[in-house]
Amino acid sequence: MTTVSDSDIDVFQAARPRLFGIAYRMLGSRQEAEEIVQDAWLRWQGTDRAAVRDPGAFLATATTRLAINAAQSARARRETYIGPWLPEPVDTAEDPLLGAVRGEALEVGVLMLLEKLTPTERATYVLREAFDYAYGEIATALEISEANARQLAARARGKLEGGRRTTADAETHRRLLEAIVNAAQAGDVEALERMLAEDVVTYSDGGGVVHAARKPLVGRERVIKALLGFARKYWSGASASTVDANGQPGIVVESGEGEVITFAAITATGDGVEQLLFVVNPDKLKFPVTP
């Protein structure tokens with residue numbers, strides 16, 4: 175291993191936010207993304223850095239390839255995950271775009287859709303849509319032809335197209351989230367009926383660690399019944415605060431003892447709230463909270 179100079183460290187630190195942004199979008203897990211970035215650092219240490227013409231491209235390529243390998247094993251693990259799997263929320267108030275040129279492929283709902291893609295399709299989509307890489311750069315990173323990179327990007331967009339709709343703006347998200355939590359705590363069925371789309375779906379990620387529905391709940395009536403029951407059981411005496419998570423407003427619910435017990439996000443369109451996304455797995459609730 176060659177000696178690492180201060181300038182070598184500076185180069186890596188400058189690239190680090192982008193590397194984390196790539197790895198997180200690929201894996202949906204802060205911990206796994208940080209492990210990938212650490213592996214990229216080890217690759218950087220063990221490389222003849224004097225021979226590297228473009229350190230940023232080298233590090234992004236190494237991170238992408240490591241993340242593809244990790245995504246393949248993560249997919250197998252998630253097949254045995256107890257209940258719905260949701261991405262681990264990350265605080266984007268500190269770093270609004272996680273090193274990205276665009277905020278694409280960061281929202282919780284979009285990360286769930288990315289699970290439909292193969293790891294290579296996902297890498298192509300992330301590099302192109304979130305980081306604005308040219309197809310030639312993507313081809314080099316993935317060791318494929320430029321034509322193949324274009325095909326993979328088109329295939330990825332096609333797979334995602336049916337699940338994506340035009341979403342409401344951030345302020346509408348914030349208002350709806352706060353109103354839903356307040357209505358659930360107050361047992362206000364009429365208010366919930368006004369806000370939720372008829373075919374609303376709720377996903378609750380407890381990971382088998384805490385009690386949560388092990389299948390998505392579909393339909394306004396079922397969702398409201400479950401939401402009211404959940405609020406009565408877990409949110410009595412709790413406080414809710416808005417956070418900037420995954421590039422959108424989210425809600426963190428804390429118990430009277432100050433313990434984070436729920437992270438909530440929504441997908442909302444002109445038809446109302448179409449998805450309610452609840453992370454209650456405590457292993458995924460360790461992100462910094464910004465009041």
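Mapped onto this note's numbering, the consecutive letters of the sequence shown carry residue numbers 175 to 465.
Think of the CB as a built atom: it goes at the ideal place given N, C-alpha and C, for glycine as much as any other residue.
Checklist entry - Terminal residues of the continuous alpha helix (DSSP H) containing residue 306? => result Taking the sequence shown and counting its residues from 1, one reaches residue 306 at position 132. Premise fails: residue 306 is in no alpha helix (DSSP H) and is neither H nor E.
Next on the checklist: Quick check on residue 182: does DSSP put it in helix, strand or coil?
Outcome noted: One-based indexing of the sequence shown puts residue 182 at position 8. Residue 182 falls in the helix class under three-state DSSP.
Checklist entry - Looking only at DSSP bridge pairs, what is residue 418 linked to? => result Looking up residue 418 in the sequence shown gives position 244. Residue 418 pairs with 423.
Item to check | Cβ contact check for the segment 253 to 266 and the segment 198 to 211: 3 or more pairs under 8 Å | outcome: yes
Item to check | N-terminal and C-terminal residue of the beta strand (DSSP E) that residue 442 is part of | outcome: As a position in the sequence shown, residue 442 is number 268, starting the count at 1. Here the beta strand (DSSP E) through residue 442 covers 434 to 443.
Item to check | Alpha carbon of residue 439 to alpha carbon of residue 283, nearest angstrom | outcome: To locate residue 439, count along the sequence shown from 1; it is residue 265. To locate residue 283, count along the sequence shown from 1; it is residue 109. So the alpha carbons of these two residues sit roughly 8 Å apart.
Checklist entry - Where are the beta strand (DSSP E) runs, 3 residues long or more, that stay fully inside the segment 213 to 280, in chain order? => result none
Next on the checklist: Please list the terminal residues of the continuous alpha helix (DSSP H) segment that includes residue 446.
Outcome noted: Position 272 of the sequence shown, counted from the first residue, corresponds to residue 446. Run containing residue 446: none in the alpha helix (DSSP H); it sits in the beta strand (DSSP E), 446 to 453.
Checklist entry - Where does residue 371 fall in DSSP's three states? => result Counting from 1 along the sequence shown, the entry for residue 371 is found at position 197. Residue 371: strand per DSSP, three-state reduction.
Checklist entry - Is it true that the segment 305 to 312 meets the segment 435 to 451, where meeting means three or more beta-carbon pairs spaced less than 8 Å apart? => result no
Next on the checklist: Going by DSSP in three states, residue 392 sits in which element: helix, strand or coil?
Outcome noted: For the purposes of this step, residue 392 is taken as the residue at position 218 of the sequence shown. Note: residue 392 maps to strand in three-state DSSP.
Next on the checklist: Could you tell me the alpha carbon to alpha carbon distance between residue 324 and residue 313, rounded to whole angstroms?
Outcome noted: Position 150 of the sequence shown, counted from the start, is the residue given in the question as residue 324. Position 139 of the sequence shown, counted from the start, is the residue given in the question as residue 313. The alpha-carbon atoms of residue 324 and residue 313 are separated by roughly 9 Å.
Item to check | Identity of the residues DSSP links to residue 379 by a beta bridge | outcome: Taking the first residue of the sequence shown as 1, we reach residue 379 at position 205. Per DSSP, 453.
Checklist entry - With DSSP run on the structure shown, which of helix, strand or coil describes residue 206? => result Indexing the sequence shown from 1 puts residue 206 at position 32. Here residue 206 sits in helix by DSSP.
Item to check | First through last residue of the alpha helix (DSSP H) which encompasses residue 294 | outcome: Counting from 1 along the sequence shown, the entry for residue 294 is found at position 120. 293 to 299 is the span of the alpha helix (DSSP H), which, as asked, contains residue 294.
Checklist entry - Across which residues does DSSP place residue 410 in a beta bridge pair? => result Position 236 of the sequence shown, counted from the start, is the residue given in the question as residue 410. DSSP lists no partner for residue 410.
Next on the checklist: Quick test of the definition: if touching needs 3 or more C-beta pairs under 8 Å, does the segment 290 to 305 touch the segment 194 to 204?
Outcome noted: yes
Checklist entry - For the alpha helix (DSSP H) that contains residue 346, what are its first and last residues? => result Numbered from its first residue, the sequence shown carries residue 346 at position 172. That run of the alpha helix (DSSP H) goes 344 to 360.
Checklist entry - Mapping DSSP to helix, strand and coil, what is residue 191? => result The residue given as residue 191 occupies position 17 in the sequence shown. It is helical.
Checklist entry - Which residue comes first and which comes last in the alpha helix (DSSP H) that contains residue 326? => result Reading the sequence shown from its first residue, position 152 is the one you call residue 326. Residue 326 -> alpha helix (DSSP H) spans 320 to 335.
Item to check | One or two residues paired with residue 289 in a DSSP bridge | outcome: Indexing the sequence shown from 1 puts residue 289 at position 115. Paired residues: none, contrary to the question.
Checklist entry - Which residues in the same chain have their Cβ closer than 7 Å to the Cβ of residue 295, if we skip the five residues on either side of it in sequence? => result If you number the sequence shown from 1, residue 295 lands on position 121. Excluding sequence neighbours, residue 295 sits near 326, 329 and 330.
Next on the checklist: Among 422, 443 and 453, whose alpha-carbon lies nearest the alpha-carbon of residue 434?
Outcome noted: Position 260 of the sequence shown holds residue 434. Of 422, 443 and 453, the residue nearest in Cα terms is 453.
Next on the checklist: As a quick exercise: from 417, 444 and 442, pick the residue whose alpha carbon is nearest that of residue 459.
Outcome noted: Here residue 459 corresponds to residue number 285 of the sequence shown, with the count starting at 1. Cα-wise, what sits closest to residue 459 is 417.
Item to check | Cα-Cα separation between residue 354 and residue 411, rounded to whole angstroms | outcome: In the sequence shown, counting from the first residue as 1, residue 354 sits at position 180. In the sequence shown, counting from the first residue as 1, residue 411 sits at position 237. Each residue's alpha carbon lies about 16 Å from the other.
Next on the checklist: Taking 8 Å as the threshold (C-beta atoms), are residue 403 and residue 257 in contact?
Outcome noted: Working through the sequence shown from its first residue, we reach residue 257 at position 83. Working through the sequence shown from its first residue, we reach residue 403 at position 229. It is not a contact, given that the beta carbons lie outside the stated cut-off.
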